[in-house]
Structures are given as structure tokens and as C-alpha cells.
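Have a look at the structure below, then the notes.
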Amino acid sequence: LLRDGNGKAISILNALDIDLNHLRRKVEILSPANPNISIATNQKKNLHLTRQAERALKTTFLEAKLFQSTSINTAHLLLCILRNENDPTTKLLNKLKVDYDNVKEQFKFMITNDNDYIEPKAESFQDDSSTPEDDASKDIFNTPSSKTN
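Now the structure itself:
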């Protein structure tokens with residue numbers, strides 16, 4: 001996300017006045033490259049995929065669905081990362097004054113200006129085929145450690 005240097009998440013972080021090079025260095029310290037892979041000087045380091053990162057990737061489409069987006073983008077991934085308060089990357093971002101709420105507000109501002117925005121129906125993910133009593137058990141973000149609005 002940071003290495004690519006573009007996308008909605010980068011635009012949001014820039015709007016929040018985050019030093020992207022500083023953030024990238026800190027993230028690389030948190031999750032060092034796999035030492036078992038020999039790295040040539042011109043190759044980029046691949047970071048180890050943590051359980052938290054895997055979860056964020058798997059739930060990105062739910063975040064996009066929450067915003068009724070027709071496609072998934074890096075802002076949805078950033079929002080999913082920020083949902084997990086136990087993720088070291090989230091803690092780092094929080095120290096830099098980046099949290100789910102201010103990223104969500106910046107994203108809403110951005111997509112409102114893009115004329116691609118429909119107000120989210122709810123602040124939790126819903127399975128359209130579920131019954132009301134099943135919703136709480138299927139809402140993977142409905143945990144005590146997750147942020148709610």
C-alpha cells in the first residue's frame with residue numbers, strides 16, 4: 001500500500017499530513033522482510049503477511065460493501081487495517097493520529113467529491129441473506145476489541 005505510492009489510501013494519508021516515508025520505515029520495522037529469501041540489491045523487500053494483514057485483506061470487500069462501492073480500493077484496505085485495534089500497524093497509525101474515524105471521514109469527503117458516494121446504511125457488515133438474530137454472530141467486527149461508532 002505504501003510502496004505503491006498512489007491510490008485512495010495514499011491520498012487520505014497525505015490529506016492527514018502523514019509522512020509516508022517515515023510511516024513506511026516504521027511498518028518495515030514492525031514486520032521485517034522474510035530473512036530466508038535472498039534479496040538482490042535491486043529487488044524490493046517482501047514483508048511477511050501477518051494474520052492481521054490476512055484478515056484485513058479478506059474483509060476488504062465487506063468494507064467496500066459497507067460504502068456501497070462498486071469496486072474495492074486501497075482506502076477500504078486501510079479502513080480494515082484500522083478496525084483491528086490489536087494490529088501493531090493500527091497501533092502505529094494511531095500514534096500518528098490516524099484512526100478509523102478520521103480516515104472514514106476523509107474517505108467520505110473524497111468520494112463525495114468524486115460523485116461516487118452513497119451514504120452507508122449501517123456501521124456494521126450485514127449478510128443480506130441472514131435473519132436479524134443471526135446478524136450479530138456473522139458480524140466479524142462486532143467484538144469488544146473493535147471500534148464501533
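Note that UniProt numbering numbers the sequence shown so that position 78 is 78, with each residue one more than the last. Every residue gets a Cβ at the ideal spot worked out from N, C-alpha and C, and that includes glycine. A quick note: this is a predicted structure, and the numbers were derived from the prediction, not measured.
For Gly5 and Gln68, the gap between their C-alpha atoms comes out near 25 Å.
Straight-line measurement puts the Cα of Pro88 at about 20 Å from the Cα of Leu16.
The three-state reading of DSSP puts Asn84 in strand, counting E and B together. Using a Cβ distance threshold of 8 Å, Leu79 and Val98 do not count as a contacting pair. CA-to-CA, the gap between Ser31 and Ala64 works out to about 26 Å. Assigned with DSSP and collapsed to three states, Val98 falls in coil, not helix or strand.
Taking C-alpha positions only, Lys95 is separated from Leu1 by approximately 19 Å. DSSP places Leu78 within a helical segment (H, G or I) once states are collapsed to three. Distance check between Tyr100 and each of Leu82, Met110 and Leu92 places Leu82 closest, using alpha-carbon atoms only. The three-state secondary structure of Ile72, taken from DSSP, is coil. Note on His22: under 16 other CB atoms within 10 angstroms of its CB, so exposed under the neighbour-count rule. By a beta-carbon distance limit of 8 Å, Arg3 contacts Arg24. Their separation comes to about 7 Å. Classified as buried, Ile12 has 16 or more neighbouring CB atoms from the shown chains inside 10 Å of its CB. The Cβ atoms of Phe107 and Lys8 sit closer than 8 Å to each other.
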